[in-house]
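Below is one structure; the comments refer to it alone.
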Amino acid sequence: MSADLLTVSPSPHIHTDLTVPQIMRGVIIAMIPALLFSVYNFGLGAVYVTLLAILFCVVIEYAIARYLLKRPASIYDGSAIITGMLLAFNVPTNLPWHIILIGSAVAIGIGKMSFGGLGNNPFNPALVGRVFLLLSFPVEMTSWPKAGATWSLDAVTSATPLGILKDGLRAGDTVPELMNQMPSYTDFFFGLQGGSLGEMSAFAILLGLIYMLYRKIITWHIPVSMLATILLMTGIFWLIDPTRFANPVFHLLTGGIMLGAVFMATDYVTSPFTHRGMIIFGVGIGVLTVVIRLFGSYPEGVSFAILIMNAFVPLINSYAKQPRYGSKSQRHKAYQEKLEKEVKATP
Amino acid sequence: MAMRLHKHKTFKTGGIHPHDNKLSAQVAITPLPLPKMVTIPIIQHIGAPAKIVVNRGDMVKTGQIIATHEGFVSSNIHASVSGRVGVIEEVMDSTGFKHMAITIRVKGDDWEETIDRSDTLIEEIKLTPKEIVSRIMEAGVVGMGGAAFPSHVKLSVPEGKHVDHLLINGVECEPYLTADHRVMLEKPKEIIVGIKILMKALGVQKTIIGIEYNKADAIEIFQQLLKNEKHIGVEALEVQYPQGGEKQLIQALLNREVPSGGLPADVGVIVHNVGTTFAVYEAVQKNKPLLERVVTVTGKSVKQPSNFLVRIGTPVIDLLIAAGGVPEDTGKIVSGGPMMGKAIADLDVPVAKGTSGILLIPKDEASRSETYNCVHCGKCIEACPMGLEPYRLLIMSKKGNSQRAKEEHILDCIECGSCSFVCPSNRPILDYIRLGKTQLKKQKSV
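Sequence lines, in order, name chains A and B. Our numbering numbers the first residue of the first sequence as 12 and each following residue consecutively. Our numbering numbers the first residue of the second sequence as 62 and each following residue consecutively.
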């Protein structure tokens, strides 16, 4: 043996292969199908917006870490890339570059670094950026390019299915009438509809979900509880009055519900720790989303629902604890009582 | 992995699946040649150190008592070789702390006459329960799974507690280790007699041997041998770490949970390791004290991963030479398994009663990787077999808020390391939990 000293450190001496950079890489891989569908749908605009958002997010995070907080650059964990991608997924593909820059600055600067960087932010940074843009640039943020229209950067704009629904209902039309103006359900499922960059294709997002579940990056608890709640609630309203409320499948496949359930609500940092907590969180997002969609003034509610539930996470964490070993005192008590009886019965 | 038709029993809370890497599973136990010198620490068990009863220059026989137990929770120490007693001084043992130890320079192999060294199986148990316990105490038998808790203490069930089950721990859930596995394959009949001795001492009617299904050969052997036994059963268990933990094994086999701060006897159970059960057989039927044990020597670059029968006090270097030498790329040497074992600083550290394996870790896996902020993934909570919230305990210990940590049941932590193993940010969670526990103990003693 060489003269090197042996390493002496406390146990455990082995470690799982899954580390933070690998998890981040896994999430990025999981987002690629949705990105590819978006390119197919909207053309080069999707690539342009995504690359720009990633670039801005990484550069801003680097600058803040190095020059404002004066500490080592924190970009190598890959989380800034994910924030950039998620922000891009949440905006139209014809968004001007300066709005993307503002969105990135808000997402990374306010949403993440002002709390201390990775792991410390209470709200999903990409959603903070998105909602800021939605409130500041309502026109640009809701001028959706038409799906499959062109491969150039200048796209023809169109309304999203949810927009058509909301405006139509306001104008006094009924749901069955409005449904005739919509693409088919197959189109919804595969993503041939208007909307934000990464949210149209339920199919592509589900591929990402399957990948993340397979790699054990996330568990089923948040997506399933959230989607099931939305299905159940919209189902109930649909059964009550199918002329005023769209059917649950329409709701699941349109807007950002799939994207939110798979990539936004499952963000580790801003979701609860325990499985029980995750289910409460998912159900909460589902309820809020449906309430905003059916009764609010916005056609879409996922972003707001997730941000509102983000705020409840500390509360959920302190309530929804893991069942502790040995805390099932009732089982223990029952056993002790049985024992005492046996001891008494034996002479 | 092949599909299995039915799921085996396992514990319910937490748990992880490290690669098991049982490199030496097919290697038969071979006796290690006698060392030139042994260094026998007088504390190789939980409890008070034993009192030294020999002097420098004394000639001792193999099996002779050289230190007697002080108090109830303590254990006798015997000479593991014959020869002349050398220096009696503080040496570094595998815990990383210095403890008093007796060195013996080996001369010949002269055993105490009372010890039966033959291989004949003695099935008839002549001793009374009381005599069994005192014989086990005399022979210095301690738990050989790693914790080294004196066995006679476990057999003295406190008043008012009723024990209805004996569980035999053949789980060996630590990756790499195969010592228990080999003992089960090579000494099953002796283990069964050992079980009957323990059952007689405890007065229990029911025993279950728990073995993880990755040791199918061992399960089969016991099923064959126990076909006509009504009171002793074998249960194949799911492969999941830390199933060899006493509390986890009780949950897996009987679905009972030991209350916080309580003992297995509180739920009517006593657990003994298979290696210990074999030592009990030897102590009671052969009058042989615990002076040697099976130690696995293993690691990815070890030339001949082996299972050696080693005299207590043999320096680790002797085992490594017998296994083909220390590989060039060795970065860390661990006494015990990779999850709970202790890294040792030098190669002269002696094998103790609780040493189940020596694991060589290559340089590139020896040091810890870069850490990141906690990303709230919740994997530590998911993995904790005690249902604790390790990330929280880390924060509290770091802040020195040990009272708050106590309320969060930090003392329930069994230090299995599952939280640190799964943490994707490589955070030293268990290090801080240990610190928190130490802070609490200090406060208590003040």
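Where is the CB? At the ideal position from N, CA and C, for every residue including glycine. Quantities reported herein were computed from a predicted structural model and do not represent experimental measurements.
- According to the DSSP assignment, Asn137 of chain B belongs to no alpha helix (DSSP H), since it is labelled neither H nor E.
- Looking only at B:Ile475, B:Lys291, B:Glu450 and B:Ser458, the smallest Cα-Cα distance to Cys484 of chain B is reached by B:Glu450.
- Measuring C-alpha to C-alpha distances from Thr61 of chain A to each of A:Tyr51, A:Ala41, A:Leu79 and A:Val102 identifies A:Val102 as the nearest.
- With a cutoff of 8 Å on beta-carbon distance, Gly130 of chain A and His437 of chain B are scored as near each other.
- Non-local beta-carbon contacts of Gly255 of chain B in its own chain, meaning distances under 7 Å to residues more than five positions away in sequence, involve Thr338, Phe339, Val341 and Tyr342 in chain order.
- Using beta-carbon distances, Pro107 of chain A does not count as an interface residue toward chain B, since no partner is under 8 Å.
- Taking C-beta atoms under 8 Å as the contact rule, Lys503 of chain B and Val203 of chain B fail to qualify, at a distance of about 27 Å.
- Non-local beta-carbon contacts of Phe200 of chain A in its own chain, meaning distances under 7 Å to residues more than five positions away in sequence, involve Ala213, Phe214 and Leu264 in chain order.
- With fewer than 16 other beta carbons inside 10 angstroms of its own, Pro325 of chain A counts as exposed.
- Only those residues of the region 67 to 83 of chain A whose C-beta falls short of 8 Å from the nearest C-beta of chain B would be listed, and there are none.
- Excluding sequence positions up to five before and after Pro423 of chain B, its CB lies within less than 8 Å of the CB of Gly360, Lys361, Ser362, Pro388, Asp390, Thr391 and Gly392, all in the same chain and listed in chain order.
- When DSSP states are grouped into helix, strand and coil, Asn52 of chain A belongs to the helix group.
- Of all residues in the region 119 to 148 of chain A, only Gly127, Gly128, Leu129, Gly130 and Asn131 come within less than 9 Å of chain B when Cβ atoms are compared, listed by chain position.
- Note on Gly207 of chain B: 16 or more other CB atoms within 10 angstroms of its CB, so buried under the neighbour-count rule.
- DSSP places Ser396 of chain B in the uninterrupted beta strand (DSSP E) bounded by Thr391 to Ser396.
- Identification of residues in the region 304 to 332 of chain A having a C-beta nearer than 8 Å to some C-beta of chain B yields Lys332, given in sequence order.
- CA-CA distance, Ile373 of chain B to Lys191 of chain B, rounds to 27 Å.
- Sequence-ordered contacts of the region 153 to 177 of chain B with chain A read Gly157 [C-beta pairs closer than 8 Å].
- The C-beta of Gly297 of chain A has 16 or more other C-beta atoms within 10 Å across all chains shown, which makes the residue buried.
- The beta carbon of Ile290 of chain A sits no closer than 8 Å to any beta carbon of chain B.
- Bridge pairing for Glu151 of chain B: B:Met161 [DSSP].
- 8 Å or more divides the Cβ of Ile216 of chain A from the Cβ of Met223 of chain A.
- Only residues of its own chain outside the window of five on either side were considered, and among them Val139 have a CB closer than 7 Å to the CB of Ile121 of chain A, listed in chain order.
- Around the CB of Phe369 of chain B, 16 or more other CB atoms lie within 10 Å, so the residue is classed as buried.
- The C-beta distance from Val356 of chain B to Ala240 of chain B rounds to 6 Å, short enough to meet the 8 Å contact threshold.
- Taken in chain order, the unbroken stretches of beta strand (DSSP E) that lie wholly in the region 209 to 288 of chain B and span 3 residues or more are 226 to 230 and 267 to 273.
- In the three-state reduction of the DSSP assignment, Pro325 of chain A falls in the helix class.
- Remark: C-beta atoms of Leu93 of chain B and Thr375 of chain B approach each other more closely than 8 Å.
- Contact annotation: the region 129 to 149 of chain B touches the region 158 to 174 of chain B, with at least three C-beta pairs closer than 8 Å.
- A distance of 8 Å or more separates the beta carbons of Gly202 of chain A and Lys157 of chain A.
- Contact residues of the region 441 to 460 of chain B toward chain A are Ile442, Glu443, Cys445, Pro446, Met447, Gly448, Leu449, Glu450 and Tyr452 (C-beta to C-beta distance below 8 Å).
- In this structure Met42 of chain A does not touch Gly293 of chain A by the C-beta definition: roughly 20 Å separates them, more than the 8 Å allowed.
- One Cα belongs to Tyr59 of chain A, the other to Leu66 of chain A, and the distance between them is close to 11 Å.
- Taken through DSSP and simplified to helix, strand or coil, Ile110 of chain A comes out as helix.
- Annotated three-state conformation of Ala200 of chain B is coil, per DSSP.
- At a cut-off of 8 Å between C-beta atoms, Lys467 of chain B does not count as an interface residue with respect to chain A.
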